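Numbering (our numbering), first residue to last: 2 to 738.
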């Protein structure tokens with residue numbers, strides 16, 4: 002009877018899961034990365050090879066799936082095409098759900114299988130990422146299947162079919178996302194535990210497992226013999242997996258030696274320069290290694306990250322711990338605590354992938370992009386806690402049912418805003434923007450809802466920058482200035498939102514009296530004096546702000562602007578000059594000096610400020626320290642004469658000094674040392690233009706554009722978010738128009 006009920010409940014849960022995904026797709030727009038993925042799928046499905054960077058940024062399996070399946074279909078626009086691509090990708094999550102049930106059932110029984118499946122199909126994070134045409138859920142599927150198939154092969158180590166299956170799945174994991182390589186340490190640790198705990202690690206205490214334990218028990222001598230078999234098995238699985246990987250890339254550039262690559266990351270560059278390794282043929286496709294190098298370069302450079310009110314480029318080691326604790330439903334966290342208290346040797350293997358897929362992101366990366374990077378551990382967590390369904394303790398059973406109900410309710414009430422889910426530890430999704438950003442809450446998914454809202458509310462100002470009054474709508478990333486160097490929206494965070502759109506956009510209604518009340522409570526707050534003076538254009542509050550904090554430049558800038566408005570150019574110039582004494586690279590003061598001198602007809606002085614303004618804008622785009630001392634680079638070149646970056650930066654310094662001949666010399670040297678670095682070519686082109694060498698400028702400009710997106714080209718790591726640009730490396734680049 003119970004088995005018949007299972008046959009009904011499993012497809013029902015999976016159907017409800019898929020229908021919830023479909024209803025979410027209908028109201029959610031494409032996220033920031035999805036359009037790139039869609040175009041990459043179209044590009045590869047058209048028969049184009051792996052030439053441009055976008056085609057190798059991720060392995061191609063997801064691109065193939067939606068690219069080829071939708072190749073011959075006609076769509077009204079890209080939004081419609083993404084809708085159907087999402088429907089396709091969501092199917093793989095349904096497949097994953099089925100295998101989670103199957104594994105948990107085999108491990109702990111029918112009830113455990115149903116509990117694991119329920120947790121999977123009702124998890125807000127799983128529903129959030131399942132339809133997206135990014136790679137996270139696809140690699141989650143194949144990492145889990147890789148674990149499952151390898152564990153099966155360990156039970157019968159001489160079974161060729163199981164070895165082949167494990168190898169095929171391993172290859173598909175590698176074709177899904179670069180994190181598929183984590184299956185290698187998972188396999189190694191599973192093999193070691195097989196040797197150390199031959200009868201216990203794979204099997205649980207279920208009746209079926211007890212019958213097979215005797216078969217797997219071996220003494221120490223046999224364990225030593227097993228090491229050779231395990232190594233042989235793992236080698237065969239890797240060979241098959243690498244064959245699948247190479248097949249997926251049509252063996253493009255396979256078996257090239259490392260020294261034939263031009264890498265961006267320090268990690269792969271050092272490997273390629275190591276004599277022992279540089280000449281060894283690499284058994285992976287060249288596009289795969291180029292893409293892996295790009296991803297490694299990103300993790301080395303860092304990525305703008307927001308956590309609990311703080312911003313960072315290098316992230317925090319505890320980022321993923323915090324993200325897990327506030328993004329995962331509390332019932333699951335409680336279930337994990339309860340499950341740990343139940344000793345079951347059959348769970349030992351489940352701990353291996355959980356640690357192998359978590360610790361690298363905590364210990365070895367400067368990039369904290371979001372909880373989606375932890376998605377591959379979720380299936381193992383659901384299975385780990387599923388054994389609680391077999392508990393014979395009444396207290397445990399009562400608590401379990403309460404937690405299941407809590408889990409279900411939390412999942413239902415967040416619909417359809419799953420991406421912005423946060424648990425009750427921080428007060429739910431309405432407070433999520435205070436703790437995390439980017440793909441954890443604001444990944445561009447609410448564009449449709451925002452457009453509709455603005456059409457019905459034309460008075461609302463979207464993404465304001467300067468202090469003001471009125472109704473404002475701003476997304477979480479902009480509010481927290483995640484991708485901006487300067488903090489622009491501190492003034493808006495003085496107030497609480499009155500509403501939200503999908504929890505990723507915040508609605509504010511700010512009146513002048515609101516500022517006044519804050520100032521009355523804190524009359525000695527320099528920032529409150531500044532914002533009140535800014536919105537009222539009352540000089541006395543701005544001057545008081547300067548008195549309270551003489552180093553706070555925005556107050557002085559506003560004073561200068563008000564003086565200009567009063568046609569008091571003399572005092573305005575004095576104010577801006579004072580700012581430039583304290584901060585010689587302030588672009589706003591430079592811009593005002595440029596405009597004033599143009600208006601006064603001081604064209605020579607205006608020309609000087611035009612150059613200074615351009616320099617200031619460039620220098621203020623860097624989030625890392627970068628020296629402008631020529632002696633520093635000359636001394637460094639003596640030690641590292643082949644470092645093209647040093648020559649490039651010296652060329653930039655001579656551009657600042659208007660010594661274009663020396664600038665050309667150093668930029669040329671940089672391009673000779675590293676002809677694949679397109680930004681060096683762009684820098685040289687800019688100098689040719691300023692020297693009036695139009696022919697040379699046009700030739701280099703065309704070369705720059707042709708090479709920029711090639712996978713063989715290197716470029717400075719930078720992020721463009723709206724009008725904000727962040728350059729993440731200590732390499733000078735000139736804007737090429």
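Just so it is clear, CB atoms sit at the ideal spot from N, CA and C, and this is done for glycine as well. Since the model is a prediction, treat every value here as computed from it, not as a measurement.
Looking at the backbone, the Cα of residue 269 and that of residue 294 are separated by about 7 Å. Residue pairing from DSSP places residue 306 in a beta bridge opposite 313. Judged by DSSP secondary structure, residue 509 falls within the beta strand (DSSP E) whose first and last residues are 506 to 511. The three-state secondary structure of residue 392, taken from DSSP, is coil. For the set 716, 538, 738 and 18, the Cα lying nearest the Cα of residue 730 is the one of 716. In the three-state reduction of the DSSP assignment, residue 631 falls in the helix class, which pools H, G and I. Considering only 567, 617 and 312, the residue with the shortest C-alpha distance to residue 478 is 312.
For residue 722, the enclosing beta strand (DSSP E) starts and ends at 719 to 722. For the region 136 to 196, the full-length alpha helix (DSSP H) segments reaching 4 residues or more read 137 to 156 and 161 to 177 along the chain. The residue from 266, 719, 622 and 647 with its alpha-carbon nearest to that of residue 632 is 647. By the beta-carbon neighbour count (other beta carbons within 10 angstroms, threshold 16), residue 265 is buried. Residue 159 counts as exposed, since fewer than 16 other C-beta atoms from the protein chains shown sit within 10 angstroms of its C-beta. Assigned with DSSP and collapsed to three states, residue 286 falls in coil, not helix or strand. Between the beta-carbon of residue 530 and that of residue 542 there is about 5 Å, and that keeps the pair under the 8 Å contact cut. As DSSP reads the structure, residue 678 sits in a beta bridge with 715. Shown here, residue 694 sits in coil according to DSSP, grouped into three states, outside any helix or strand. Between the alpha carbons of residue 567 and residue 481 lies a distance of about 34 Å.
In the three-state scheme derived from DSSP, where H, G and I count as helix and E and B as strand, residue 515 is classed as helix. The alpha-carbon of residue 374 is positioned some 10 Å away from that of residue 368. Secondary structure note for residue 501: it is in no alpha helix (DSSP H), and the uninterrupted beta strand (DSSP E) holding it is 500 to 502.
Contact between residue 385 and residue 348 is confirmed by a C-beta separation of about 6 Å, below the 8 Å threshold. Put simply, of 275, 305, 659 and 255 the residue whose alpha carbon is nearest the alpha carbon of residue 290 is 255. Taken atom to atom, the span from the alpha-carbon of residue 526 to that of residue 565 is near 26 Å.
In this chain, the alpha helix (DSSP H) harbouring residue 79 covers 79 to 109.
Under the three-state reduction of DSSP output, residue 476 falls in the strand class. Contact between the region 110 to 130 and the region 74 to 83 is absent: fewer than three C-beta pairs spanning the two stretches fall below 8 Å. Looking only at 152, 98 and 165, the smallest Cα-Cα distance to residue 138 is reached by 98. Residue 589 sits buried, since 16 or more C-beta atoms from the chains shown fall within 10 Å of its C-beta. Assigned with DSSP and collapsed to three states, residue 410 falls in helix.
Annotation: the region 327 to 352 contains the following complete segments of the alpha helix (DSSP H) (minimum length 4 residues), in chain order: 331 to 341. With respect to residue 143, residue 173 sits close: the two C-beta atoms are nearer than 8 Å. When rounded, the separation of the alpha-carbon atoms in residue 333 and residue 404 is 8 Å. The bridge partners DSSP lists for residue 451 come to none. As computed with DSSP, residue 463 is found in a beta bridge with 474. For residue 22 and residue 510, the gap between their C-alpha atoms comes out near 33 Å. By the neighbour-count criterion, in which 16 or more other beta carbons inside 10 Å mark a residue as buried, residue 161 falls on the exposed side.
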